[in-house]
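What follows is a single structure, written as structure tokens, with notes after it.
Residue numbers (my numbering): 2 to 343.
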């Protein structure tokens, strides 16, 4: 009959649709955590980001964007779209990708993040952790270890925090992060190295999570489609410095194995440590095994090179310092490497 579609053709069309949807799902590794999509609209930044008091929207983005570039902000502050009669935010907050619940904080007095959730995701052989902070409420029945799907509701946006100034209604937002985890022995490292400091969140202390810019990831993902690779994205980030750590067996190597560059020489002669490229937030973006013959010097941590232009542009983490004509690791830089290899 004219206009009808045969059963085989219907089946083929269905298979094609499944294939297309599969490609789309594969390309979109991460989804925005709310319905605010102004990030993808030309000139939409002011409708997407919430800046700090008296500052522009840029102070709500990721990076060295606060205190004249010397304070790090490790996420995106996403503006609310929906409010109740009292003007309070009521936007649903959703999982950015398939994953499991790693941690929930329901005691806002214990963190400047207020109520927050951490989800664990497996992406291209790596563990990526998303954070959703300043929540009004967390979905009833949501528990640590529970599986969630991309786009699944996990909370309601709010403005909880333990800071003195708080978060005003007009600045209501969800703080959203994508992170790598440095070491699942953080709590033990904290007790040893920071004995006078409280640690209310165990291994989920913020010092153990180093952020990657979600804005750049989401924009690159949209632009590149199915060709987007998070591994390639991380390895292509601008290098702040290059260091050598004299340790051949630490957790980051297994958790982020796709970031390791093959080195036949070291694998043949014996690996004594790893040369690592760090971005300005201290994320190890590339790791190369090294043998004794490839390394000059005997220190536990060796600073091999510094990208001076990147340090001037993004100084907030204070990982390296120039003394005269010589660059050195700061205490912050050494603590980062110590935690990483603990």
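C-beta: ideal position from N, C-alpha, C; glycine also.
Here the alpha carbons of residue 86 and residue 232 stand approximately 44 Å from one another. With a cutoff of 7 Å on beta-carbon distance, residue 121 and residue 101 are scored as near each other. For the 7 Å CB-CB criterion, residue 212 and residue 178 form a contact. Residue ranges of uninterrupted alpha helix (DSSP H) with 4 or more members are absent from the region 271 to 310; none lies entirely inside it. Counting along the chain, no beta strand (DSSP E) covers residue 235; the unbroken alpha helix (DSSP H) around it starts and ends at 231 to 236. With a 10 Å radius around the Cβ and a threshold of 16 neighbouring Cβ atoms, residue 225 comes out exposed. Cβ contact annotation for residue 318 (same chain, cutoff 7 Å, sequence separation greater than five): 73, 281, 282, 283 and 333, in chain order. Scanning the region 152 to 237 for uninterrupted beta strand (DSSP E) segments of 3 residues or longer gives 154 to 158, 174 to 182 and 210 to 213, listed from N- to C-terminal end. Residue 339: member of the alpha helix (DSSP H) spanning 332 to 341, first to last residue. Annotated as distal: residue 296 and residue 234, with beta-carbon spacing of 7 Å or more.
Under the Cβ criterion (8 Å, minimum of three pairs), the region 259 to 270 does not count as touching the region 318 to 331.
Within the same chain, 191 come within 8 Å of residue 198 by CB-CB distance, once the 5 residues on both sides are set aside. Proximity of the region 140 to 155 to the region 38 to 46 falls short of the contact definition, fewer than three beta-carbon pairs being nearer than 8 Å. Under the 10 Å beta carbon count, residue 251 is surrounded by 16 or more other beta carbons and is classified as buried. Beyond the five residues adjoining it in sequence on each side, residue 180 comes within less than 8 Å, by CB distance, of 75, 129, 130, 131, 132, 210, 211, 212 and 213 in the same chain, given in chain order. When Cβ pairs closer than 8 Å are counted between the two stretches, the region 167 to 176 is seen to touch the region 133 to 149, the count reaching three or more. Taking all protein chains shown into account, residue 110 has fewer than 16 neighbouring C-beta atoms within 10 Å of its C-beta and is therefore exposed. For residue 78, same chain residues with a beta-carbon under 7 Å away, outside a window of 5 residues either side, are 50, 51, 61, 174 and 176 in chain order. In terms of Cα proximity to residue 113, the closest of 127, 93, 202 and 196 is 202. Exclusion of the five residues before and after residue 167 leaves 160 as the residues of its chain whose Cβ lies within less than 8 Å of its Cβ. Of 126, 125 and 143, the smallest CA-CA separation from residue 119 is found for 143. In the three-state reduction of the DSSP assignment, residue 101 falls in the strand class, which pools E and B.
Scanning 222, 216, 256 and 215 for the CA closest to the CA of residue 185 turns up 256.
A direct Cα-Cα distance of roughly 21 Å separates residue 92 from residue 108. For residue 128, the uninterrupted beta strand (DSSP E) segment begins and ends at 127 to 139. Counting the other CB atoms within 10 Å of its CB gives residue 137 a total of 16 or more, which places it among the buried residues. For residue 245, the enclosing beta strand (DSSP E) starts and ends at 242 to 246. Here residue 315 is not near residue 81, since their CB atoms are 7 Å or more apart. Spanning the alpha carbons of residue 288 and residue 194 requires a straight line of approximately 25 Å. Per DSSP, the beta bridge partners of residue 50 are 79.
Rounded to whole angstroms, the gap between the alpha carbons of residue 260 and residue 312 is 23 Å. As a beta-bridge residue in DSSP terms, residue 93 pairs with 157.
Taking 7 Å as the cut-off, the beta carbon of residue 293 is found closer than this to the beta carbon of residue 273.
Collapsing the DSSP output to three states places residue 256 in a helix. Setting aside the 5 residues that flank it on each side, residue 29 is surrounded in the same chain by 222, each with a C-beta closer than 7 Å to its C-beta; the list follows chain order. The continuous beta strand (DSSP E) containing residue 119 extends over residues 116 to 124.
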